[in-house]
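Working notes, structure below.
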Amino acid sequence: MDLGGRRILRDVSFELYPGQLCALIGENGAGKTTLLRSLLGLTPIRAGQALIDGASASQRRALVGYVPQKIAFDADIPLRTRDLVQLGLDGHRLGLPLFPGRKKALVDQALHAVGAEAFADQRVGELSGGQQQRAVIAHALVRQPRLLILDEPLANLDFGSANALVALLGRLTRTRQIAVLVTAHDMNPLLSVVDRLVYLVGGQAATGSVEEVVQPEVLSKLYGYPVTVLRHGRRILVLPDVAAEDAEAGTAAHVPHPEKAD
Amino acid sequence: MFSSFMINTWIAATAIAFVAAFVGFFVVARRSAFAAHALPLGAFPGAAAANLLGVNPLIGLLVFVGMGVLLLRQLVRMGRRDVGTGLLLVLFLGVGALLLSMTSEYAPAVFSLLFGEVLGVSGADLWPILGICALVVVGIVLYFRPLLLDSTFPDLAALQGIRASRMDLVFLTLLALVAAMALPVVGAFLVFTLLVGPPAAAQALSGNPMRVLALSVIFAEGCIWSAIALSYWTNWPIGFFVGTIGAGLFTVARSYRHWNQRQRNFVAL
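So the sequence lines, in the order shown, correspond to chains A and B. By the working numbering, the letter at position 120 of the first sequence is numbered 237, and the numbering carries on one by one without gaps. By the working numbering, the letter at position 172 of the second sequence is numbered 206, and the numbering carries on one by one without gaps.
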């Protein structure tokens with residue numbers, strides 16, 4: 118996939134099934150956002166395809182829920198949490214939102230699913246950062262998508278809120294049997310709920326279970342220089358290999374860079 | 035006060051306050067008060083041009099606000115919406131000064147375009163006003179939800195196929211129509227007050243969009259009706275009353291909200 122003349126992603130391939138949570142791990146500039154935008158149909162793909170339930174791009178929109186990274190509501194915007202959630206159902210429709218009718222049940226269900234009942238009637242602009250995020254998740258969930266995408270949901274959250282969010286995502290994945298795709302810099306907070314890992318480095322990816330991907334050989338090949346994987350309890354640390362003092366020279370010798378054609 | 039020559043005034047003012055509340059809901063929600071100030075004020079040279087050419091002033095106003103919307107979108111595309119809006123405003127005022135310098139008997143008319151001439155609405159003026167009002171209300175009602183989502187969170191709107199640039203065009207067009215239509219009746223400054231004062235007061239009091247819309251209408255009607263009545267009794271200019279009541283409504287409503295929030299925070303502690 119090219120962006121602005123630069124190749125951002127190459128040979129990235131993975132599958133995701135309902136009831137699975139997939140973590141897309143990578144540093145800044147690894148291509149995470151580009152990959153998400155291509156799934157959302159916002160960035161065209163040069164070669165290959167992104168299929169959701171085997172559906173084409175035009176059908177995809179209704180099947181995907183998206184929670185952007187930057188969420189900041191205007192403090193004065195005349196909108197309660199439940200109004201925001203209802204706009205997830207009918208924001209594109211014409212006419213005044215006068216008669217919610219049976220939509221109210223769906224809205225209440227989405228609010229309940231994210232634990233937002235307590236602030237359902239509060240203005241979105243008055244909520245805390247974590248509450249605003251839950252409101253947007255409910256907005257994305259209310260249309261009952263098959264795939265829920267969250268861009269860096271753990272950034273800017275304190276430990277307690279991050280743990281609560283991870284538990285919520287795990288619960289949504291299992292109980293609603295949807296596929297959830299989460300991007301993050303650090304895989305550790307997600308390890309308890311993650312089923313699949315897409316590990317992106319410089320536009321290329323290793324995919325599989327945590328056990329399959331987070332191995333020194335796999336990651337060394339991906340990074341292009343030797344890395345060490347440290348496991349401490351349930352935490353994992355990936356570091357440049359301290360033994361390889363001349364990493365540049367080692368790269369060429371041990372790990373030939375895979376220059377495949379697209 | 036309700037004599038036959040005043041009836042047209044009441045009808046026109048009521049209709050204008052009603053649409054101003056509808057469009058004003060989004061002027062405040064989209065933080066577009068500057069555009070709401072610039073479009074009516076920038077439109078008034080249109081009336082001068084129409085006067086020079088000897089055509090209906092409403093046509094001149096519509097042509098000028100139309101150009102205003104197009105130029106505004108061009109300037110905004112280059113970034114810095116606030117700067118573009120300000121420059122456009124002064125550009126149009128400059129054109130207005132030029133057009134005025136070409137006529138000699140226009141000074142009183144300029145005053146009425148800025149501050150309104152509610153007592154001078156004729157039966158023939160009334161129909162175009164009511165027609166444009168109906169058009170704008172239909173536009174806002176139709177686009178209410180897409181505009182609301184786009185004003186709240188453009189990224190989420192885009193995912194539902196709502197394009198931000200299209201919503202901006204819809205909003206500015208409806209705003210321009212209100213400006214052109216209301217200008218000869220309530221004047222450029224008073225249109226602005228009706229567009230921002232009542233909706234901003236309403237948004238301070240409630241977070242429920244439908245309730246805010248209803249409150250905006252009530253406040254706008256209350257504002258214009260009491261201003262006309264007070265102006266009739268005191269013989270003071272209506273602009274003084276609309277300006278004062280509009281600012282007063284906003285101040286009281288915002289103070290109430292601050293007080294309310296402080297009470298809640300205090301209890302929460």
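Don't be surprised by glycine CBs; every beta carbon is placed ideally from N, CA and C. These numbers were taken from a predicted model, which means no experiment stands behind them.
Rounded distance between the beta-carbons of residue j and residue i, thought under 8 Å
{"i": "A/L307", "j": "A/V283", "result": "6 Å"}
{"i": "B/R288", "j": "B/A238", "result": "5 Å"}
{"i": "B/I252", "j": "B/V276", "result": "Rounded, the Cβ-Cβ distance is 16 Å, inconsistent with contact."}
{"i": "A/I188", "j": "A/V259", "result": "Incorrect: roughly 16 Å between the Cβ atoms, too far for contact."}
{"i": "A/I353", "j": "A/V344", "result": "The pair is not a contact, with the Cβ atoms about 12 Å apart (cut-off 8 Å)."}
{"i": "B/Q194", "j": "A/H256", "result": "So it is not a contact: roughly 10 Å between Cβ atoms."}
{"i": "A/T380", "j": "A/V315", "result": "No answer is possible for residue 380 of chain A: it lies beyond the span of chain A, which begins at 118 and ends at 379."}
{"i": "B/I279", "j": "B/A47", "result": "At roughly 13 Å, the Cβ-Cβ gap does not stay under 8 Å, so B/I279 and B/A47 are not in contact."}
{"i": "B/L122", "j": "B/L105", "result": "6 Å"}
{"i": "B/A214", "j": "B/V99", "result": "5 Å"}
{"i": "B/V220", "j": "B/L209", "result": "Not quite, the Cβ-Cβ distance comes to about 15 Å (not below 8 Å), so this is no contact."}
{"i": "B/A254", "j": "B/A51", "result": "4 Å"}
{"i": "A/A237", "j": "A/L133", "result": "Going by Cβ atoms, the distance from A/A237 to A/L133 rounds to 31 Å, so no, they are not a contact pair."}
{"i": "A/D170", "j": "A/L180", "result": "6 Å"}
Closest by C-alpha distance to residue i, when choosing among the options
{"i": "B/F68", "options": "B/I196, B/V57, B/T119", "result": "B/T119"}
{"i": "A/G320", "options": "A/P135, A/D312, A/L274, A/T150", "result": "A/T150"}
{"i": "A/I194", "options": "B/F59, B/L123, B/L209, B/N85", "result": "B/F59"}
{"i": "A/L317", "options": "A/L133, A/S130, A/A147, A/G136", "result": "A/A147"}
{"i": "B/S66", "options": "B/F226, B/M215, B/A83, B/G94", "result": "B/F226"}
{"i": "A/G246", "options": "A/K221, A/V129, A/P185", "result": "A/P185"}
{"i": "A/G182", "options": "A/A167, A/G171, A/L156", "result": "A/L156"}
{"i": "A/D312", "options": "A/Y134, A/C139, A/F131", "result": "A/C139"}
{"i": "A/P62", "options": "B/A84, B/A131, B/R179", "result": "With chain A covering only 118 through 379, there is no way to say anything about residue 62 of chain A."}
{"i": "A/Y340", "options": "A/F131, A/L265, A/G143, A/L133", "result": "A/G143"}
{"i": "A/R251", "options": "A/A322, A/V297, A/T198", "result": "A/T198"}
{"i": "B/A63", "options": "B/N85, B/A234, B/L224", "result": "B/A234"}
{"i": "B/C167", "options": "B/F284, B/I41, B/A55", "result": "B/A55"}
{"i": "A/N305", "options": "A/L223, A/L244, A/V355", "result": "A/V355"}
{"i": "A/R219", "options": "A/Q332, A/A192, A/P135, A/Q203", "result": "A/Q203"}
{"i": "B/S250", "options": "B/W267, B/Q297, B/L183, B/G231", "result": "B/G231"}
{"i": "B/R296", "options": "A/E243, A/K338, A/H349, A/A281", "result": "A/E243"}
{"i": "B/A49", "options": "B/L160, B/R114, B/M112", "result": "B/L160"}
{"i": "B/G76", "options": "B/A131, B/I272, B/V89, B/N242", "result": "B/A131"}
{"i": "A/V327", "options": "A/S309, A/A272, A/F216", "result": "A/S309"}
Test: residue i CB closer than 7 Å to a CB of chain A
{"i": "B/T285", "result": "no"}
{"i": "B/L237", "result": "In the sequence as presented, Leu is not what sits at residue 237 of chain B; that position holds Gln. It does: the Cβ of B/Q237 has a partner Cβ on chain A nearer than 7 Å."}
{"i": "B/Y290", "result": "no"}
{"i": "B/A222", "result": "no"}
{"i": "B/V30", "result": "Any answer about residue 30 of chain B is impossible in this case: the structure gives chain B only from 35 up to 303."}
{"i": "B/T278", "result": "no"}
{"i": "B/R179", "result": "yes"}
{"i": "B/V251", "result": "no"}
{"i": "B/G110", "result": "With the sequence shown as reference, residue 110 of chain B is identified as Val, and Gly is not the correct amino acid for it. So no, B/V110 is outside the interface."}
{"i": "B/V99", "result": "no"}
{"i": "B/V230", "result": "no"}
{"i": "B/V304", "result": "Any property of residue 304 of chain B remains undetermined from this structure, which presents chain B solely from 35 to 303."}
{"i": "B/L176", "result": "yes"}
Chain-ordered chain A contacts of residue i [CB-CB under 9 Å]
{"i": "B/L169", "result": "The premise fails here: B/L169 is roughly 15 Å from chain A at the closest Cβ pair, so nothing lies under 9 Å."}
{"i": "B/A82", "result": "Here the premise fails: no neighbours, minimum Cβ distance about 37 Å."}
Contact set between residue i and chain A, taken where Cβ atoms lie within less than 8 Å
{"i": "B/I196", "result": "G208, H209"}
{"i": "B/L127", "result": "Correct list: empty, because the minimum Cβ distance to chain A is about 30 Å."}
{"i": "B/L209", "result": "Per Cβ cutoff of 8 Å: no residues; B/L209 is ~18 Å from chain A at best."}
Residue i: contacting residues in chain B (beta-carbon distance under 7 Å)
{"i": "A/P185", "result": "D189"}
{"i": "A/T197", "result": "The amino acid at residue 197 of chain A is misidentified as Thr; the sequence shows Arg. Simply G241, N242."}
Residue i at chain B interface by Cβ criterion, 7 Å
{"i": "A/I169", "result": "no"}
{"i": "A/I162", "result": "no"}
{"i": "A/P306", "result": "no"}
{"i": "A/P270", "result": "no"}
{"i": "A/P214", "result": "yes"}
{"i": "A/R240", "result": "yes"}
{"i": "A/D225", "result": "no"}
{"i": "A/D193", "result": "yes"}
{"i": "A/L180", "result": "no"}
{"i": "A/L204", "result": "yes"}
Residue i: contacting residues in chain B (beta-carbon distance under 9 Å)
{"i": "A/G246", "result": "Chain B residues near A/G246: none, gap ~15 Å exceeds 9 Å."}
{"i": "A/L201", "result": "L183, T186, F187, L190"}
{"i": "A/F190", "result": "T186, F187"}
Neighbour list for residue i in chain B, Cβ cutoff strictly below 8 Å
{"i": "A/H256", "result": "L190"}
{"i": "A/L157", "result": "L193"}
Neighbouring residues, chain A, relative to residue i (Cβ below 7 Å)
{"i": "B/A63", "result": "I194, P195"}
> If you scan the region 282-309 of chain A from start to end, which runs of the beta strand (DSSP E) of 3 or more residues do you find wholly inside it?
Replying inline: Here the runs fully enclosed are 296-301.
>> Suppose only complete runs of 4+ residues qualify. What are the alpha helix (DSSP H) ranges in the region 141-198 of chain B, listed by chain order?
In response: Within the region 141-198 of chain B, the runs of alpha helix (DSSP H) that reach at least 4 residues and sit entirely inside it are, in chain order, 141-149, 157-186, 188-193.
>> If we require 4 or more residues per run, which alpha helix (DSSP H) segments fall completely within the region 148-203 of chain A?
In response: Those alpha helix (DSSP H) runs which fall completely within the region 148-203 of chain A and span 4+ residues are 149-156, 174-180.
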